[in-house]
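**Student:**
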Amino acid sequence: MFKGAIHLHSVYSDREFTLAELREARVADEGSFVCLADHAEYFDRLKASNYVAECASLSDDRFRFIPGFEYSCYE
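Using this note's numbering, the first residue of the sequence shown is number 5, and each one after it goes up by one.
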């Protein structure tokens, strides 16, 4: 059984928590993964690359970030 969170946002778009802070909070709650859904309009190619790299650097056998982007259907 896996315990995790789906559809979280970080400082990469419109929330106040860094990826490291999200990891710390979820691990403390015995979570093993987070599926991110930061707003795509906040990203360019470089920022997206940094985002994916930071997710990878904070992932290990105990905890995994799954980077993702939320796209608006109205824009």
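Each residue gets a CB set at the ideal place from its N, CA and C atoms; glycine is no exception. Quick caveat: nothing in here was measured; it's all calculated off a predicted structure.
#1: With DSSP as the reference, please indicate the residues paired to E74 in a beta bridge.
#2: What three-state label does DSSP hand L62 in the structure shown?
#3: Taking the straight line between their C-alpha atoms, what separation do you get for D42 and A60?
#4: Using the Cα positions of L26 and S14, report the straight-line distance between them to the nearest angstrom.
#5: According to DSSP, simplified to helix, strand and coil, what is R49?
#6: Among A44, D33, F21, E28, which has the Cα closest to the Cα of K7?
**Tutor:** A quick look at the data gives this:
#1: Here the question's residue 74 lines up with position 70 in the sequence shown. Answer is H43, bridged to E74.
#2: By 1-based counting over the sequence shown, the position of residue 62 is 58. Residue state, collapsed to three classes: coil.
#3: Working through the sequence shown from its first residue, we reach residue 42 at position 38. Working through the sequence shown from its first residue, we reach residue 60 at position 56. Between D42 and A60, the C-alpha separation is close to 16 Å.
#4: Taking the first residue of the sequence shown as 1, we reach residue 26 at position 22. Taking the first residue of the sequence shown as 1, we reach residue 14 at position 10. In a straight line, the C-alpha of L26 is about 8 Å away from that of S14.
#5: Counted from its first residue, the sequence shown places residue 49 at position 45. If DSSP states are grouped into helix, strand and coil, R49 belongs with the helices.
#6: Along the sequence shown, read from residue 1 onward, the residue named residue 7 stands at position 3. Ranking A44, D33, F21, E28 by Cα distance to K7 puts D33 first.
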